[in-house]
Amino acid sequence: MKKFKGTPGPWSGKDVRICRQDRAGLQLGFIMTHDENRVAECEANAHLIAAAPELLEALQLLLNSWSNGSSKDISNAERKARSAISKALGEE
1 MKKFKGTPGP WSGKDVRICR QDRAGLQLGF IMTHDENRVA ECEANAHLIA
51 AAPELLEALQ LLLNSWSNGS SKDISNAERK ARSAISKALG EE
């Protein structure tokens, strides 16, 4: 199994500013560091955050597929999960 290179969990919602997208689709959020030694870690965090919707969808699909027992559905869910994991690890 590949290792996530971002900030180790658990993460919390402390000191977080909630941003929202405006009508023009401008800034939704950002990640930054003032420590140049942590740039790669911040990039890994950004990949994880960007993949979060796909990770959630893949997990929900896997749970639903396992409950229903359809091997076709499970294979599709597994493909989505692998793709989301690759995105979270910055491979995609």
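UniProt numbering applies: residue 1 is where the sequence shown begins, and numbers increase by one. Beta carbons are placed, not taken as given, at the ideal position from N, Cα and C, and that holds for glycine.
| Item | Value |
| --- | --- |
| Measure the alpha-carbon distance for residue 81 versus residue 34 and round it to whole angstroms. | 33 Å |
| Apply the 10 Å Cβ neighbour rule to residue 63 and answer buried if 16 or more other Cβ atoms are within range, or exposed otherwise. | exposed |
| Report buried or exposed for residue 176, applying the criterion of at least 16 other Cβ atoms within 10 angstroms of its Cβ. | Here the chain covers residues 1 to 92 and nothing more, so residue 176 does not appear. |
| Candidates 5, 89, 3 and 42: which alpha carbon is nearest residue 51's? | 89 |
| Are there 16 or more other CB atoms within 10 angstroms of the CB of residue 40, so buried, or fewer, so exposed? | exposed |
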